[in-house]
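For the record, in the sequence shown the residue sitting at position 59 is 58 according to numbering that gives the first Met the number 0, with numbers rising by one throughout. Note sheet for the following structure.
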Amino acid sequence: MSQRQKVKISIADRVYPLTIEPSREEGLRIAAKNIEKMIQQLENNYAVRDKQDVLAMCALQFAAQAEQIKIDKNSDVENAKKMLDNIEHLLDNHLS
């Protein structure tokens, strides 16, 4: 087990101290940068009253993206199962 380390992540002009596994630091920092980019885009494109509004919109977009990935993945799995069933049927017909 890796030694946990303390890091500081900045999001929306606030610093969040976290204790994490070293292997998670890169992903965490990339995620924080992606959040900052989305905050900037939302502030540029919409009239937002405060950071809480923009953070809520940001959270909604990231959650929607995560859900869409799950939906797409499930669809891909279903398509793969259908293809395997078809191959199995073809093999059964060929071998009988």
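Ideal Cβ positions, reconstructed from N, Cα and C, are used throughout, including at glycine.
Coarse secondary structure for residue i, derived from DSSP in three states
{"i": "Arg3", "result": "coil"}
{"i": "Arg23", "result": "helix"}
Neighbour-count burial assignment, residue i, 16 or more Cβ in a 10 Å radius
{"i": "Val53", "result": "buried"}
{"i": "Ile29", "result": "exposed"}
{"i": "Ile86", "result": "exposed"}
{"i": "Ile68", "result": "exposed"}
Opening and closing residue of the alpha helix (DSSP H) in which residue i lies
{"i": "Val53", "result": "50-94"}
Contact set for residue i: own chain, Cβ-Cβ below 8 Å, skip 5 residues either direction
{"i": "Gly26", "result": "none"}
Close Cβ partners of residue i (< 6 Å) along its chain, the five nearest in sequence each way excluded
{"i": "Ala31", "result": "Ile8, Ile10"}
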